[in-house]
Every structure is written in structure tokens, then in C-alpha cells.
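So the structure is just underneath, and the comments pick up after that.
Residue numbers (my numbering), protein chains in the order written: chain A, 20 to 345; chain B, 20 to 345.
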């Protein structure tokens, strides 16, 4: 662990847009050491009044859909138009198993990583999904306080992390490949209904027509969904990171969404609801961590779990038995 | 509260198929009194080895879709074919607000309620969603032990109860009206992706063609969904409770699903996962109940909630502050 500064140093650094101090504050947020955690919370509390002024965009899609390529092209487009200063974060709790986090290799986003208006931060390693989502959520606050007004949170659409990402962003973009076949099966059920927009990627060359057909098909399917509370009808578009086409359309869709939801109050309401949701979630996590770390619970859990699985003990009786131990 | 019998009396009654003792045991399960609860758990523990031998079917749909009429016609069909002995339960945490539970008025299922092979039990009143789902889950065990080998759990597709029902059944049937318009908006997002089958109701008279068109449309849309772990592709069919048509098709779809999933092991795996899920859920509920009932937490919660909503305090700091109180 690098030397710790006083909280004030991080706070002043972040508020003046200093990348090095921003990065080091994020490292504190990600640390498991109690001392780091306490310092991190002090920094967050101080910068919190300067956070919130951004559009938070979640992007998901299965491996192979071209997420990094898309984010690089899209990020450069958004910055080049003078729209936004962009931070790219990642939630990838699988990185331990696969041996590399999705943004771990920054060279995969060559041109974006050297863009002075971009800040790329890989997924923290060695943490549970709960740990990763908490630190990502707090990293959003730090980046916003440092002046980034567009935050992309990237995740892989195959696990449970998309639900966590969906709960921390304003707009959720699902990347899909053309051809409604086997390749879709990697996407978890329920994700399509979370999407505020679907972008069909790699719509170039011989793939262009297939992508357009897929767009029509998905747009029809989305019409069958129940309307979201926001009053927004999810949009489907096609794009090619290779040919740099369709990026403007996607940005316009996001801008339209913001106009609608900031106008009708949904944007603000969703943010407040998300804040509360995260508080309740953090409480739940804290309660469960303490419970499952309890010595007697640890000793009995395996046996009882087996009895419940095989129907020898009812779920409620088992829970009751364990709860009595603490 | 009626007089309590020894646990043995309920157990013997249930195992011999005595409806009166089954009903009274369910009343114990639904009771909030500690003494009743303890007795109920004793009964459940004793009958548990005799439970499990049924197909559990969840049925949902917005008010107006004709749920009661469908369940009556479908239930009578299933019993008449000699397929099954049927219990119909309901989860309806909204019944307190609307003043009547969905199965509260048994006369709405006139012919089914007098069918000797059917057992209808309304949603318990005056309980939270967590309370209702727990007692319904335990009622399933009691009904199975009493020899009912088809269990229908009915719910309204507008709240959070469908997720709970989905987590306690083998097969989830969504009832929809023809015409993919306004009437769909009452259905909560995410429910369509939970469905193992969709039945378009009221496919009779001038509505028949519209229903068939809707079937094709939904079947196409469902093809776009990611494949379920079970290997099952959700089916869409049309039916008319009025004309008693399409009920055989729906039963055949369920039978096909059972053949597939009992053959590939998914059925058994899902049941085990559900058992565990309910244990963890019951633990979570127990922990949270104790926490939020804590005097100091109760005193501080409102203020802190307000601070989190308005962004004065981060979600994690707020959670930490509250957790320190207990």
C-alpha cells in the first residue's frame, strides 16, 4: 500500500481534477484495510456535495460483441463533439476466474486511454460482487467530483453484475450481435427488459443488412414489453465501431432519454431511489456478513444446507435454527 | 383461534387426506401467534417426507385477463381427465388495500370449489408479502402431503409477488389478453421473461383472430429471449374458458415441460435451488426484522433515509452508521 495522505489532500486533488490523486483515492475505496476504508469514507463525505452532475451509462453485452471496441469509439466520439469528459469503469467479478479483468488490459482502448478527457479504471481485483459494486458506486462519486460528467460502467452480460450496474446508472445500453441465434444464449434472461436501448454492433460489410433486420426485429419485440415507469420506449439502433457509424444515433438516443426523464422528474426520482436501494443493500450485506461469519453458524451451515436441499428439513425451520445461534 | 389439537392429530389427518384438518393446519401456518407457529413447524417437519410429489404451477396475469375463470375451467379439465388432484392457492398481498383477496370470494370458482378433487384456499389476510409467501410455501407442503399432486399458485402480475411465486413453482404460466397495447402496461417488466408459457385468454368470438395474431407475435418475441437453463423454449397458446378450448394444449405444454426437465435433471435441481433460496431468504428476513425493530435504528432511520435520498450522505456511510447502533 502506498503512503496515505490526509483526507484533505485527496479532496483538494479530486476537486481540482488531479488524476493521480483521483486514482489513489479510488485505490483507498477498493482497499480492504479498515484504515483505508475509514479514510476513503472521509474523502467521499467531503466530495459528495460536488458529485451527481453526470450522466451514468451502463453498457453490457456478451464477450465477442465488441464492448471494448465500441466503448473506445463511442467514448472518443462523445469527447470529440465536446459533449462530455468521460470516465470508464468496469464491474467484472469474474476476472479472478478468467485471469484478467475486462478493462485490465488498458491497451485494448489505445486511443481512448491517452485521450486527456478520458479516465479509464479497470475492475478492482480480488473482491466479491458485493465488494466490486460498492467500490464502483463510490468511484462514480469520486469521478463526478473530479469533473467527469459522463460515466460509463461496463460489465459482462452473463452473470449477476448487470443487475448491480442497472441499479447504479441512469441509462442502460445493451450491445447485441445481429442474428437472433445461438450467440444470444449467453445473455442472461431479464437483461433485455432492463435495456433503455439496444445497439446492434458490427453493422458493417456483409453484416450490415443482417444488423438492420435484427434492429427491426428487436424494435418489434420491445414494443411488446410493458412500458417503463419513465415513459421511455427503448430504442434499437445499429452501429459500427470499425466504420465509426451509428455512434451519433446512440448519443442522440441518450440525449433524448435525458431530455424526457429530466423533464418529467423520473431522472431525479430514479437517482434518489437508487441511493436508498444502495443503503438498504449495504445494511443487508453488513447483517449477512456478520451472521455468516459467526462461529456457530459456520459450523452448522453445511449440514443444514444439505438437509434443506434434500428436503429433510423445511427452509423456514432451517433458517430459524440458524438464527437462534447468534 | 379455534382449539388446538396435538401435532399428531393434524399430521394423521393430513396424511389421510382430511380436508378439515388440512385447512386447520394451514390456519396454524398463517397464524402470527408464537404457539401456533411452533405447532405448525412441528406438523410441517412431520409431513415433510410425504411432500414434493406434485407439479407446482404459478399463474399470473393482470386483473381483467380472466384468471379466476381460466383457473376454474383449467382446473376442472385437469381433474376430469383424471390427471391430477388439484389445490389452488393464492398470493395476494394487495388484498388488504383492495378490500378483497383474489380467491377470497370462492363463489367466483363455483364449480371448481365443489369438485371433490379440488381444494381452494384464499390468500391469507393481514400479512406482508414476506409473510404471505412463507405461509403459501408451507401450505404447498401440507397440500402435497394430503395427496394433492397439482398445485396452482395464483397471483396478480402487477407487484412483486410474481417473483416470489416464480421462486416456488416448477412451471410459470402468464395469462395475457390479445392486442399488444395499453392493457399490457399493467404487467411488471421482467415477468414475460419468467414465463415458461404464455396463454392468450378470451380467444373466442370476434376476439379469436386477434388472439391468434397475438400468439404468433409473442412466439416470435420469445424466440429472441436467451434460452433458459432448462433447455425449454417458452410456448404461446390461445384458449377460451368460455368455450373450453385450448385447455388441453396448455396441459400438454406443461406435460412436455415436465418430461423434458424431469428427464434432464433440471426439475430436481430447480427444486433444490428453490429450497436453499427460501432458507437464505428466511435468514435475511429474520436478520432484517430484528435490525429494523431495534429501538435506536427506528429512531434514526427517517433522518438518515432523508439524508441519503437527497445526497447529503452516501449510502454506504449511512448503512455503516445504522449498523453501528445494534
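In this text, a Cβ means the ideal position worked out from N, Cα and C, and glycines have one as well.
Is it the case that the Cβ atoms of residue 164/A and residue 105/A are separated by a distance below 7 angstroms? no
With a Cβ-Cβ cutoff of 7 angstroms, do residue 257/B and residue 250/B count as a contact? no
Does the beta-carbon distance from residue 347/A to residue 76/A come in below 7 angstroms? This structure cannot speak to residue 347/A, because chain A is shown only from 20 to 345.
Would you give the residue range spanned by the alpha helix (DSSP H) that residue 327/A belongs to? 314-328
Could you pull the start and end residues of the beta strand (DSSP E) that residue 254/A belongs to? Residues 254-257.
Would residue 183/A count as contacting chain B if we go by Cβ distances under 7 angstroms? no
Compute the Euclidean distance between the alpha carbons of residue 90/B and residue 286/A, then round it to the nearest angstrom. 40 angstroms
Who are residue 43/A's beta bridge partners in DSSP? Its beta-bridge partners do not exist; DSSP assigns none.
Specify the secondary structure class of residue 210/B as computed by DSSP and reduced to three states. coil
Simplified DSSP assignment, three categories, for residue 382/A: Past the boundaries of the shown model lies residue 382/A; chain A is included only from 20 to 345, so the question cannot be answered.
DSSP-derived helix/strand/coil call for residue 23/B: Residue state, collapsed to three classes: coil.
To test your reading of the DSSP string, which unbroken beta strand (DSSP E) runs of 3 or more residues are found completely within the region 172-196 of chain B? 190-195
Host beta strand (DSSP E) of residue 80/A (start-end): Secondary structure note for residue 80/A: its beta strand (DSSP E) is the uninterrupted segment 74-80.
For a contact defined as C-beta to C-beta under 8 angstroms, what are the partners of residue 363/A on chain B? No answer is possible for residue 363/A: it lies beyond the span of chain A, which begins at 20 and ends at 345.
Residue 240/B touches chain A at which residues, Cβ-Cβ below 8 angstroms? Correct list: 239, 240 and 243.
Let me check understanding here. Comparing Cα to Cα, which of 221/B, 48/B and 326/B lies closest to residue 262/B? 221/B
What residues match up with residue 219/A in a beta bridge as DSSP calls it? 195/A and 257/A
Which residues in chain A have a C-beta closer than 7 angstroms to the C-beta of residue 298/B? List them in chain order. 327, 334, 337 and 338
For residue 331/A and residue 381/B, the rounded distance between their alpha carbons: Limits of chain B in this structure are 20 at one end and 345 at the other, which puts residue 381/B out of reach.
Mind pulling the chain B residues with CB within less than 9 angstroms of residue 60/A? 333, 335, 336 and 339
Given this structure, state the Cα-to-Cα distance separating residue 294/B from residue 334/A, to the nearest angstrom. 6 angstroms
Just checking my contact of residue 158/B with residue 78/B at CB under 8 angstroms: how many whole Å lie between their CB atoms? The C-beta separation of residue 158/B from residue 78/B comes to about 16 angstroms, leaving the pair out of contact by the 8 angstroms criterion.
Does residue 347/A have its Cβ less than 7 angstroms from a Cβ in chain B? Any question about residue 347/A goes unanswered here, given that chain A covers just 20 to 345.
Can you tell me which of 323/B, 310/B and 96/B puts its alpha carbon nearest to the alpha carbon of residue 130/B? 96/B
Report, in whole angstroms, the separation of the C-beta atoms of residue 181/A and residue 210/A, which I expect to be a contact under 8 angstroms. 5 angstroms
Which of the three DSSP states is assigned to residue 138/B in this structure? Taken through DSSP and simplified to helix, strand or coil, residue 138/B comes out as strand.
Taking its Cβ as the centre, do 16 or more other Cβ atoms sit within 10 Å of residue 172/B, making it buried, or is it exposed? buried
Using Cβ-Cβ distances below 8 angstroms, what residues of the region 149-171 of chain A are close to chain B? 153, 156, 157 and 160
Can you have a look at residue 25/B and say buried or exposed, based on whether 16 or more other CB atoms are within 10 angstroms of its CB? exposed
Residues of chain A with CB closer than 8 angstroms to the CB of residue 324/B, please, in chain order. Ordered by position in chain A, the residues that pass the 8 angstroms Cβ test against residue 324/B are 295 and 298.
Does the beta carbon of residue 123/B sit closer than 7 angstroms to a beta carbon anywhere in chain A? At residue 123/B, the pLDDT of 47 sits below 50, so the modelled position is not reliable; the number obtained from the coordinates is stated separately. Cβ-Cβ to chain A under 7 angstroms: no for residue 123/B.
Pull up the CB-CB distance for residue 60/B and residue 336/A, whole angstroms please, since I reckon it's below 8 angstroms. 6 angstroms
Given a cut-off of 7 angstroms on the beta-carbon distance, is the pair residue 36/A and residue 166/A in contact? yes
Closer than 7 angstroms, CB to CB, is residue 63/B near chain A or not? Chain A has a Cβ within less than 7 angstroms of the Cβ of residue 63/B.
C-alpha distance - residue 267/A paired with residue 226/A, whole-angstrom precision: 20 angstroms
Local Cβ density within 10 Å of residue 108/B, reported as buried at 16 or more and exposed below that: buried
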